[in-house]
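Chains as they are written, first to last, in the numbering used here: chain P, 248 to 562; chain V, 248 to 562; chain C, 84 to 568; chain E, 4 to 304.
As structure tokens, the structure follows; a few thoughts come after it.
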Amino acid sequence: MKALLAKKWFGPLVALVVVYAIFLVLRPETFGRAATLLTMSQQTVVVAIAAVGATLVIVSGGIDLSVGSSVALTSVVVAKLLVRGHGPLVAALGGCLVATLCGALGGALVARLKMLPFIVTLGSMSILRGAAKGLANEQKIDAPARGLETLLQPAAGSLRPPTGVFLAIAVAVLAALLLSSTRFGRHVFAVGSNERTARLCGVPVERVKIGVYAIAGLLAGLAGVLEFSMLTVGDPTTAVGLELEVIAAVVIGGASLSGGEGSILGAMIGAFLMTVIKTGATHMGLPNWVQEIVTGGIILVASGLDRLRRGSATS
Amino acid sequence: MKALLAKKWFGPLVALVVVYAIFLVLRPETFGRAATLLTMSQQTVVVAIAAVGATLVIVSGGIDLSVGSSVALTSVVVAKLLVRGHGPLVAALGGCLVATLCGALGGALVARLKMLPFIVTLGSMSILRGAAKGLANEQKIDAPARGLETLLQPAAGSLRPPTGVFLAIAVAVLAALLLSSTRFGRHVFAVGSNERTARLCGVPVERVKIGVYAIAGLLAGLAGVLEFSMLTVGDPTTAVGLELEVIAAVVIGGASLSGGEGSILGAMIGAFLMTVIKTGATHMGLPNWVQEIVTGGIILVASGLDRLRRGSATS
Amino acid sequence: MLVVRGVEKHFGATHALTGVDLTVAAGEVHAVLGENGAGKSTLMNVLCGAFPADAGTVTLGGARYAPADPDAAFRAGVAIVHQELSLCPRLTVEENLLLGDESTRAGFLDRRRLRERAAAALARVGSTTPLDARALDLSPAAQQLVEIARALVRGEPRLLILDEPTSSLGADDAERLFALIGELSRAGIAILYVSHFLEEVKRVAQRFTVLRDGATVGTGAVAETSIDAMVTQMAGRRVEELFPRSEHPRGEPLLVVEALSGSDKPLAASLVVHRGEVLGIAGLVGAGRTELLRVVFGLDRVVSGEVRVGAWRGPRSPRDALDHGVGLLSEDRKGEGLAQGLSLAENLALSRLPSFVRGASLRATAQRWVERLGIRAGSVDAPVSELSGGNQQKVALARLLHHDVDVLLLDEPTRGIDVRSKAAIYAEIDALARAGKAIVLVSSFLPELLGVCDRVAVMCRGRLGEARPIAEWTEHAILKEAVGA
Amino acid sequence: KKSGTGTLKIAVVPKGTTHEFWKAVHAGADKAGKEAAVEVIWKGPLKEDDLKQQIEVVQSFTAQGVNGIVLAPLSDKALGASVKGAVAAKIPVVIFDSDLQGQDHTSFVATDNRAAGRLAGDHLAKALGGKGKVVVLRYQEGSASTANREEGFLEAIKKSTGITVVSENQYGGATTESALKTSENLLSAQNAATGGVDGIFTPNESTTFGMLLALQKAGLAGKLKLCGFDASDKLVAALEKGEIEALVLQDPFKIGYLAVKTMVAHLRGTPVEKRIDTGAKLVTKDNLSSKEVQDVLHPPS
Ligand SMILES: Nc1ncnc2c1ncn2[C@@H]1O[C@H](COP(=O)(O)OP(=O)(O)OP(=O)(O)O)[C@@H](O)[C@H]1O
Ligand SMILES: Nc1ncnc2c1ncn2[C@@H]1O[C@H](COP(=O)(O)OP(=O)(O)OP(=O)(O)O)[C@@H](O)[C@H]1O
Ligand SMILES: [Mg+2]
Ligand SMILES: [Mg+2]
């Protein structure tokens, strides 16, 4: 029990449960329906998968601002490949490949040239967005989805979550295992916690960093494939501002932006919490501006309470 | 000379000069005109003033994501006050007051509850945006500008920069003095460099933090007044994404997101550099997507070269 | 002057102080002794207002003393030099010295006055560090001097607390510090002095108090107590020989360094260390001993020269060195040696993780080392930052032992470690040598070098002298060569 | 699963919520709702023009089980699946403002954007006397309705051989602020002050207003012929002063009104037409005070 309380993700979990319960009480007929839960889980998938990558990056002491652009670029690449007549698998892999390469390249700048992650990913955020627009000829690309759309669309009327949801869960579980139970994962924590110590202990710091950014790229790519599956068009202007949403999910989930701390489970809870707030507000029929105030308020209250709780636990 | 080379803002300055020169060579007829320079300085004012506040925050080891929302809220408050028949001064002061209070409140959460600046300002970003939309009834507010518009509009045909430009310069000079030549300024650096030590040395850490966020709020408010002066309407949806632009200017100018480092001059250079890139690209007639790629590329190259230069200087 | 009665302090479940009594008179140098984790630093932190006591009373000069924060303590006349280096890394020496007490005129900083005050304080402790140097560019010794100067910059305190001030100082600087302490105590200032060097305590202190497990277990006059008796009080039992030394026959050469030069130091250093041998390297602070080890280990850039261990030719990278059985213990445990945010168990296993990590086995391993080295830790899962300084040092050492390297490069391995644990570590080193390992020991503590090493070489301004058998060295001979005479 | 309370719940999903255009649509929708005694829920994406959020809003309404959805899709393709999902859940959908591919929706209520763009093009060509240099400041990448207007405009303007389009690849972006900055740079890059530009086309409210501000700042307002889209108080005032040559007005109030009316009719079993055109008007200083224009500008609410 005490171990549970000490977990970083415990606070956000409580916030999630409380917020969920409140909406359930306020709108039992609509918010309580299974279809709503299904829709929410679908809507969380893109942020969640991107947040898994961002957790790795943040734990390693970095930050990734390019994830929104990367998602957009991937959706365009996938659409382009489908238009050219390639199969869905080729298109999806092609999209992921591009995103992974971009991630690894950014990682190389961070690791080898010791450039600041903030600046590198700020630059690539702009470059990838431009590339997406250029590649798409400044338009949304209409592509035959060839089955890719089913990744995030349940069979009409059915309550079985679509493949994308399971994919996100699988990615999260794998990444959590990677972080907690492999040498690479421990190295990521070590690099984020104290890079000099890591180097002293023979951790291949540069390779770890490049690896982290490449994985984040890959996952941004996967998120992009799912974004395409949701939009069914390649949209170069999509996912603007996604980076903040993703970082917020990770930080709400207990990660520290100075590195060395963070959990996949926490990030998933953070991502879901934000979807719940958004959906709940829609169900309540709140105008957008009220919704924004409520969202901000919940973020503040949730993490403020978390602070108070931990403060009282330690002193 | 060597002292100059060691300055954090030297690299960005070189980048600025080079980029400027390139555009000058490529488009001498239009880019070289005094009017262009004037337009660019006007367009930089809002970002520059906000960046002064952000420099303080970042030097103190924090971050401020709420600046865009704060600017929008201020522009709405100013418009509202003008519509109600108040004079331009009252309106401007009212706007600044609201922004300052919001900043100080956020600062209090950071300082007293020890909440993460990222989360606090993420929350207030959402709350202030919602408040702006609500206050404005989700519309642009048409207001009689009563002379406020002249802050950022030169007398037609004249090449004398408008008041706003001088205001920005004055703000930057004052803030630079504050940082370098007052006790408060030193304390800001100390808190950002090592908060525990600062506390052990008797620095009033909480008061410093609250002060920093309040000043940042005030300056965001001032930026909002100028934004209003530029748009002549109170626009609750304006300045979305401004926070990233502002942080980018500060970081390009040599600040470190881990705190304890940064310069006002650097941030100003960073802000101007971005305007130059944007303007130059338009003058070249480059499509938007090429512009975005070029912008990102310049950010990468500028700070990459800076890294290489410093790397070779130290080893 | 200072009277402490029944002070208690706990961190969560850890009871750091369980009842401390202490009395210090004006003008007295009072040593606070105790093993690692006994609660010495915690007590000092309570006294300087870093955190409040949970129970007990403190009076200072007859008045009730319970500072709300460090600033209040300063104003009450209590100044402290903390055990762990704690300057603001990116600020200059001058900015660090006057932090929190800047002189201003008309609201602006009075630069002339600031520089004068800073320069005076530095001169007082005998530091020659330039005022404009950034703290992060200074050696630990220079930083330590700045910290001592900082305690005096606000004028004479009534009570000065020094928590292991000499642990990173060289002999010269330490001498100057002792002279300063004498001067201050003659001026009527009370001084609390924490140190694991009992010879030092003998020299500077008049009275002492011993803490064990967070409680006072004894107090007395230094002149009337032998070092052995102090140690016995600290440990709660007698401690056998400090430098256990067994026969460890010298084997074939294992580590061979040839004409190795770094970017600044060392300059063409050559040495050979055999299996079963402990090679000591002596020298003044700044001589480049640390750099020598770092270059050998592949952490710093090599300009020329070569390192060989068996068939391996280096140096290339720390990973490579570790893979070929060479390990380094860093002298900077806070900044480099340990990742403060990670747990004891994670720190301990960091250099030797299996491809798949099982938390349970990490913890079991850590538990073994905790017992073997007598590390005092609440839990192996707690962040290593919660350990006392000496116990952190043991964790860093344990990592090297756990990695089971053949060549151990030890940079100040016993910094901040209590006498009993020192003996244990020396025994450990002895056992390693017997097992055929090669050990390079860098230390500024001459008795340690003379007591443990088989051969000793002296380094002076980047140049490494010839390594000669221990029998040919005396303290005097080492010092003479170290200053380059 | 109609909710038991009896009143029909109709969700209206616009492309954004803060542009004046959508305010008028909202008013029209509300009026229709009041007349028909149904509940109108107005909910757009949080950020203007965010496709993904719009999809999420539609999905959310579907999951919630409203009686009908009235939607202005941000993409003619991407909303297809969500609309299919809604229809499969027995929730009919009326599309308005911009078209949607496929046959799932009940009806389409909108202006013909391409024709509206042509209207502006023909007028500007005439106003320029068939010769001169023209700039198009586009709205945003991937926005179909404005792209149609831009294409319609270009189609019409290019019929006059004396007219050259000197710039048509710049985008003003979603807000007035970004449009203003781009306009300023565009004007100075094209030497507008010294006769480098004669006419300008902007395809929506934010680009028109941004361009107007830029012209006013440069002292060029009224000297160049600006043909814009949509209306706001400031734009109308500028039209009166002659700073704007012409505005193409859709009738947003009517669009919102008809869209909801159509949905209600369908839900109550009355057959509705597949395509309902709401028309567009070209407004200049001359016909500004006419009744039909005033009706569009100040809809009865
Ligand atoms: N912040 C903290 N949180 C939890 N436990 C702590 C904290 N600081 C100290 N402790 C614990 O308190 C006890 C006393 O530590 P302290 O630092 O006072 O020892 P010390 O006598 O100074 O030892 P050393 O000689 O090694 O410096 C130790 O068991 C330590 O682990
Ligand atoms: N100017 C400097 N800039 C950065 N680091 C420095 C500088 N001078 C010294 N150091 C660091 O300080 C530490 C001690 O310096 P050095 O190696 O010269 O001394 P040493 O002979 O090892 O003495 P000791 O170990 O007693 O401090 C090393 O880690 C070195 O890298
Ligand atoms: Mg201690
Ligand atoms: Mg050393």
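We treat Cβ as the ideally placed atom computed from N, Cα and C, and that holds for glycine.
Keep in mind it's a predicted model, so treat the numbers as computed, not measured.
Item	Value
Measuring straight from C-alpha to C-alpha, what distance separates L491/C and L411/C?	6 Å
Could you pull the start and end residues of the beta strand (DSSP E) that Y276/C belongs to?	273-277
In angstroms, rounded to a whole number, what distance separates the CA positions of G19/E and G353/V?	29 Å
Would you call the CB atoms of V459/P and H434/P closer than 7 Å?	no
Is it the case that the CB of Q56/E approaches a heavy atom of ligand 3 more closely than 6 Å?	no
Since S428/P meets chain C, which of its residues come closer than 9 Å, beta carbon to beta carbon?	F439, V440, R441, G442
Determine the chain E residues that contact A282/P at a beta-carbon separation under 9 Å, and present them in chain order.	T65, A66, Q67, G68, A92
Check the Cβ of T237/V against every Cβ in chain E and list those closer than 8 Å, keeping chain order.	Chain V is shown only over 248 to 562; residue 237/V falls outside these bounds and no answer can be derived.
State yes or no: is the beta carbon of A560/C nearer than 7 Å to at least one beta carbon in chain V?	no
Might you give, ordered along the chain, the residues of its own chain that have their beta carbon closer than 7 Å to the beta carbon of V264/V, omitting 5 neighbours on each side?	none
Could you tell me which chain E residues have their CB closer than 8 Å to the CB of M477/V, listed as they occur along the chain?	E180, L183, L216
Excluding the 5 residues flanking E59/E on each side, which residues of the same chain have their C-beta closer than 7 Å to its C-beta?	none
Output yes or no for whether 7 Å exceeds the beta carbon distance between S476/P and T542/V.	no
Give me the subset of the region 234-260 of chain C whose CB atoms are less than 8 Å from a CB atom of chain V, sorted by chain position.	none
Do G517/P and A496/P have their C-beta atoms within less than 7 Å of each other?	yes
In chain order, what residues of the same chain lie with their CB nearer than 7 Å to the CB of V361/C, ignoring the 5 residues before and after it?	I512, A516, I522, L524, V535, C536, D537
Cβ of L436/C less than 7 Å from any chain P Cβ?	yes
To which residues of the same chain is G439/V closer than 7 Å at the C-beta, ignoring the five residues directly before and after it?	V306, S307, G308, G506, G507
Please check the pair F256/E and A30/E, which I expect to be a contact at CB under 8 Å, by giving their CB distance rounded to whole angstroms.	6 Å
Measure from the C-beta of W256/P to each C-beta in chain V and report whether the shortest distance is under 7 Å.	no
Is the CB of E539/V under 7 Å away from at least one CB in chain D?	No chain D appears in the structure shown, which is made up of the protein chains P, V, C and E.
Examine ligand 1 and report whether any of its heavy atoms sits within less than 6 Å of the Cβ of T286/V.	no
Exposed or buried, which one is V266/V when buried takes at least 16 other CB atoms within 10 Å?	buried
What does DSSP give as the partner residue(s) for R454/P in the beta ladder?	R454/P is not bridged to any residue.
Round the Cβ separation of I457/V and L303/V to the nearest angstrom and send it over; I've been treating them as touching at under 8 Å.	About 12 Å; that fails the 8 Å criterion.
Counting only beta-carbon atoms, is Q62/E nearer than 7 Å to chain P?	yes
Looking at L182/C and V236/C, is the spacing between their C-beta atoms short of 7 Å?	no
Could you please give me the residues that DSSP links to A162/C through a beta bridge?	L243/C
Quick one: using the 10 Å Cβ neighbour count with 16 as the cut-off for buried, is T167/E buried or exposed?	exposed
Would L325/C pass as a contact of A506/C if the rule is Cβ separation under 7 Å?	yes
I want to check one thing, is the minimum distance from the CB of A114/C to the heavy atoms of ligand 1 below 6 Å?	no
Give a yes or no on whether 7 Å exceeds the smallest Cβ distance from L397/V to chain C.	As written in the sequence, residue 397/V is Thr, which differs from the Leu given in the question. No, T397/V lies away from the interface with chain C (no Cβ there is under 7 Å from its Cβ).
Just verifying my parser: in three-state terms, what is the DSSP assignment at K123/C?	helix
P274/E: buried (16+ other C-beta within 10 angstroms of its C-beta) or exposed?	exposed
Which bits of chain E does V480/P rub up against, with CB to CB less than 7 Å?	S78, K80, A81
On the DSSP bridge assignment, give the partners of R551/C in chain order.	V539/C
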